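Asker: Taking the working numbering, the leading residue of the sequence shown gets 231, the next gets one more, and so forth.
In this text, a Cβ means the ideal position worked out from N, Cα and C, and glycines have one as well.
The structure presented is a predicted model; accordingly, all values stated were derived computationally and were not measured.
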Amino acid sequence: MLAKVFVTLKNGVLDPQGKAIHHAAESIGYQGIADVRQGKYFEIQLDAGLDEALARSQVEKFAHDVLSNPVIEDYRVEIS
Numbered sequence: 231m232l233a234k235v236f237v238t239l240k241n242g243v244l245d246p247q248g249k250a251i252h253h254a255a256e257s258i259g260y261q262g263i264a265d266v267r268q269g270k271y272f273e274i275q276l277d278a279g280l281d282e283a284l285a286r287s288q289v290e291k292f293a294h295d296v297l298s299n300p301v302i303e304d305y306r307v308e309i310s
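1. Give a yes or no on whether the C-beta atoms belonging to E290 and K234 are separated by under 8 Å.
2. How about S298 and V237: are their beta carbons less than 8 Å apart?
3. Under 8 Å between the Cβ atoms of Q268 and D245?
4. With which residues is K270 paired in a DSSP beta bridge?
5. If we ignore side chains and look at the alpha-carbon of each, how far apart do S287 and G248 end up?
6. Suppose the cutoff is 6 Å on Cβ atoms and the five residues either side in sequence are ignored; what does the same chain contact list for K312 look like?
7. In three-state DSSP terms, what is Q247?
Here is the structure:
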């Protein structure tokens, strides 16, 4: 079983790295990019026999407690 966790800055939180990427894209000729927001992506391999509801619960807690800063970041968990 695989868990995917996507961590992004909350709306309204300044993203200087995203702005730098956007500026770099424009400076090398990419057009039509209105904004760039950067984030983090994690893949977590889970035991195959783990109950999916328990897996989701554990990964949600792990994402909240360890992988993100809930004050400034949102996260999304996918289990497959």
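Answerer: According to the data block:
1. Going by C-beta atoms, E290 is not nearer than 8 Å to K234.
2. yes
3. yes
4. V237
5. 30 Å
6. Residue 312 is absent from the model: the chain starts at 231 and stops at 310.
7. helix
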